[in-house]
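Q: Chains as they are written, first to last, in the working numbering: chain A, 2 to 113; chain B, -14 to 130. Backbone N, C-alpha and C fix where the C-beta goes; we use that ideal spot for every residue, glycine too. Treat the numbers as computed from the prediction; the structure is a model and nothing was measured.
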Amino acid sequence: MAFTATSDVTNGIGKITLAGELDAAAAPTFRTEVEKVAAEQPRRLVLMMQDLEYMASAGLRVLIYARQRMAQNVDIFVVGAQEPIRETLEKTGFHHSVTQLETYDPAVIENT
Amino acid sequence: MEPLTVPGMLPALEEIGRYVMAAAAEAGLDKRASYRLRLAVDEIATNIVVYGYQPSGTEGDIIVSSTIDDHVLKIALEDTGPEFDPRQHAMPDEDELTRPLEDRQMGGLGVYLAFEGVDDFHYERVDGRNRNIFVVNRPSAAPAT
């Protein structure tokens, strides 16, 4: 399935919604959205992954880029990642640097 | 399955992925094993394009083939790019994998995921071609094809 990434920044919450298959060919599209969101200097970055079916290491590298591009106090949330993607995040130790949530929880994301 | 030949460019990754998932289904692999195999093949195919064909400025194909016997599914990737043995590639160690993302290096994650995703991996250079072979054990209950 083709990859799509859309983003918006509202009240300091930068949200990127990822869907489809994120391989090395698709990663630049994700990176472009990270750049757009970073330019608005959000206080949170939220990656909506419910409809993301596949993620290769090219996607992980964009996550590293996002972390390094955003200010240090910007927390990164991963919402609704499917099981195999969670496994990739854990195997590579990325789960130490992001907060994983089952669903978008405003109380956690917007108020912390 | 008949071998698949695709151009050694990133847009071909999707078709390679479909081929691997079809072979995994034929071999009776479960969802998790299929995903991990697809990821492994995708990472090495990406390296063939990004570290092989692209920097050398050469064009070439990637040939994907599969064989299934009673015990294993084997997927092979062949390319005519410069010699590249993924086993020689630097991989992240335990320290790197527990480091916060702000201190991470970009490299090595793909090869790490590739090796982690399969039961066995071989590389050989034959007649000017790189051949990467991924081996996954079939579930014992799967019927022979």
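Kindly indicate if chain B contains any beta-carbon less than 9 Å away from that of PHE95/A.
A: On the first sequence, position 94 is the one that residue 95/A refers to. At least one CB atom of chain B sits nearer than 9 Å to the CB of PHE95/A.
Q: Tell me which residue opens and which closes the alpha helix (DSSP H) that ASN32/B is part of.
A: Taking the second sequence and counting its residues from 1, one reaches residue 32/B at position 47. From DSSP, the alpha helix (DSSP H) with ASN32/B extends over 16 to 32.
Q: Against chain B, with Cβ distances strictly below 9 Å, would LEU121/A count as a contact?
A: Residue 121/A is absent from the model: chain A starts at 2 and stops at 113.
Q: For the candidate residues ASP78/B, ALA8/B, GLU(-13)/B, whose alpha-carbon lies nearest to that of VAL26/B?
A: By one-based count along the second sequence, residue 26/B stands at place 41. Among ASP78/B, ALA8/B, GLU(-13)/B, the Cα nearest to that of VAL26/B belongs to ALA8/B.
Q: Going straight from the alpha carbon of PRO77/B to that of PRO85/B, what length do you get?
A: As a working mapping, residue 77/B is identified with position 92 in the second sequence. As a working mapping, residue 85/B is identified with position 100 in the second sequence. Taking the Cα positions, PRO77/B is about 13 Å away from PRO85/B.
Q: Under the three-state reduction of DSSP, which class applies to HIS74/B: helix, strand or coil?
A: Residue numbering aside, residue 74/B sits at position 89 when the second sequence is read from its first letter. In this structure, HIS74/B counts as coil in the three-state DSSP scheme.
Q: Leaving out five residues on either side along the sequence, give the residues of the same chain with a beta carbon under 6 Å from the beta carbon of GLU28/B.
A: In the second sequence, counting from the first residue as 1, residue 28/B sits at position 43. Excluding positions up to five away in sequence, the list reads GLY95, LEU98, ALA99.
Q: Grouping DSSP H, G and I as helix and E and B as strand, with all else coil, what is ARG32/A?
A: Locating residue 32/A in the first sequence gives position 31, where the first residue counts as 1. Note: ARG32/A maps to helix in three-state DSSP.
Q: Can you name the residues of chain A whose CB is closer than 7 Å to the CB of PRO85/B?
A: Position 100 of the second sequence, counting from 1, holds the residue named residue 85/B. Under the 7 Å cutoff, chain A gives HIS97, SER98.
Q: Mapping DSSP to helix, strand and coil, what is MET6/B?
A: Within the second sequence, residue 6/B is the residue found at index 21, counting from 1. In the structure shown, MET6/B adopts helical secondary structure according to DSSP, grouped into three states.
Q: Does any residue of chain A have a CB that is nearer than 9 Å to the CB of VAL49/B?
A: The sequence position of residue 49/B within the second sequence is 64, counting from 1. With 9 Å as the cut-off, VAL49/B does not count as an interface residue toward chain A.
Q: Answer with buried or exposed for LYS16/A, where buried requires no fewer than 16 other C-beta atoms within 10 angstroms of its C-beta.
A: Residue numbering aside, residue 16/A sits at position 15 when the first sequence is read from its first letter. Counting Cβ neighbours within 10 Å, LYS16/A comes out buried, since at least 16 surround it.
Q: Taking 9 Å as the threshold (beta carbon to beta carbon), is ALA6/A in contact with chain B?
A: As a working note, residue 6/A is residue 5 in the first sequence. By this cut-off, ALA6/A is not an interface position.
Q: Just to confirm, are LEU62/B and ARG116/B a CB contact at a threshold of 9 Å?
A: Here residue 62/B is taken as the residue at index 77 of the second sequence, counted from 1. Here residue 116/B is taken as the residue at index 131 of the second sequence, counted from 1. Contact flag set, yes.
Q: Could you say if the region -3 to 12 of chain B and the region 22 to 35 of chain A meet the contact criterion of at least three C-beta pairs nearer than 8 Å?
A: Yes, since at least three Cβ pairs between the region -3 to 12 of chain B and the region 22 to 35 of chain A fall closer than 8 Å, the two stretches touch.
Q: Below 9 Å between beta carbons is the criterion; list the residues of the region 67 to 84 of chain A that meet it against any residue of chain B, in chain order.
A: Cβ contacts with chain B: ALA67, ARG68, GLN69, GLN73, ILE77, GLU84.
Q: Quick one: which residues of the region 26 to 59 of chain B get their C-beta closer than 8 Å to a C-beta of chain A? List them in chain order.
A: ASP27, GLU28, THR31, VAL34, VAL35
Q: Based on the DSSP secondary-structure assignment, which residues constitute the bridge partners of ARG110/B?
A: Translated into positions along the second sequence, residue 110/B becomes position 125. Answer is ASN115/B.
Q: Taking beta-carbon pairs under 8 Å, can you tell me which members of the region -2 to 14 of chain B lie near chain A?
A: LEU(-2), GLU(-1), GLY2
Q: Using a beta-carbon distance cut-off of less than 8 Å, what residues from the region 84 to 113 of chain B approach chain A?
A: ARG84, PRO85, LEU86, GLU87, ARG89, MET91, LEU94, GLY95, TYR97, LEU98, GLU101
Q: Could you tell me the distance, in whole angstroms, from the CA atom of GLN101/A to the CA atom of LEU61/A?
A: Working through the first sequence from its first residue, we reach residue 101/A at position 100. Working through the first sequence from its first residue, we reach residue 61/A at position 60. Here the C-alpha atom of GLN101/A lies approximately 15 Å from the C-alpha atom of LEU61/A.
Q: Taking 6 Å as the limit between beta carbons, can you name the residues of its chain near TYR20/B, skipping five residues before and five after?
A: Sequence index remark: in the second sequence, residue 20/B carries index 35 (1-based). Taken in chain order, the list of residues that qualify is empty.
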